[in-house]
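Residue numbers (my numbering): 1 to 261.
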């Protein structure tokens, strides 16, 4: 779970946590601006950037792992920077502390969560930017165009967006994913790792439904009669299909009553 260290995430003690590196870099940059004569923010930021470069090399296949020497080198610089900062920013009396002290204590007390991406470079990303990019278009649409006309319409739109975004994360363009959905060569995500159960993933039917929604929406916008959207989501799980409850199963109508997009 990659996050910005908001306190509510502490309510998930069984999860492995990674503090978002982008948030930490911004806080370190602000600390550097507030204390321009102090070097600890630069040193910590430099150490994190070095570890992130090593992790990117592993993910790209350039190296098999981060060498123990490089890992020890950057981790030692990280902890030295934190210790130097704590020596300069002593803890004040009472509960309220300065922003620099709060940041340094977090970097010290949650060092494992800050550096987890370096211990598992293939599984743990440095930032949560990927999740943020996936959610941002939804918030932008709500802000500019308002909400969907119905819950089912919102679910259908999110199914299409999920299909396209998942394909993009696997190196496929949106155009190619749509083309494959239309030509009967539907893209499917890779098989789940063995340590995760099937309940963590949407069933294959979800991706088939998403492709049908793409086809239906684009045909309608092109002015052609389209088959009804197969989504009803009556089971409560996004991606489930219950054609028996569809308002007009098997019928062809110019606009699907259940979609509302």
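Glycine included, every Cβ here is placed at the ideal spot set by N, Cα and C.
Within 8 Å, strictly: CB atoms of residue i and residue j
i           : j           : result
residue 2   : residue 189 : no
residue 269 : residue 121 : Not covered by the structure: residue 269. The range shown for the chain is 1 to 261.
residue 115 : residue 75  : yes
residue 104 : residue 89  : yes
residue 47  : residue 21  : no
residue 113 : residue 23  : no
residue 174 : residue 180 : no
residue 92  : residue 35  : no
residue 157 : residue 170 : no
Extent of the continuous alpha helix (DSSP H) run through residue i
i          : result
residue 14 : Per DSSP, residue 14 belongs to no alpha helix (DSSP H) and is neither H nor E.
residue 21 : 21-34
Nearest residue (CA-CA) to residue i, options the options
i           : options             : result
residue 41  : 160, 62, 59 and 83  : 83
residue 134 : 160, 56 and 71      : 160
residue 73  : 130, 187 and 118    : 118
residue 186 : 163, 78 and 58      : 163
residue 27  : 50, 98 and 69       : 98
residue 30  : 145, 102 and 129    : 102
residue 68  : 51, 33, 79 and 4    : 51
residue 38  : 110, 86 and 127     : 86
residue 77  : 59, 111, 139 and 62 : 111
residue 127 : 13, 49, 177 and 79  : 49
Residue i versus residue j: straight-line alpha-carbon distance, rounded
i           : j           : result
residue 70  : residue 7   : 32 Å
residue 284 : residue 11  : The structure shown does not extend to residue 284, since the chain spans only 1 to 261, so no value can be given for it.
residue 25  : residue 129 : 13 Å
residue 226 : residue 57  : Interpretation of residue 226 is limited by its pLDDT of 48, a score under 50 that renders its predicted location unreliable; the figure taken from the coordinates is listed afterwards. Between residue 226 and residue 57, the C-alpha separation is close to 47 Å.
residue 182 : residue 142 : 28 Å
residue 152 : residue 146 : 15 Å
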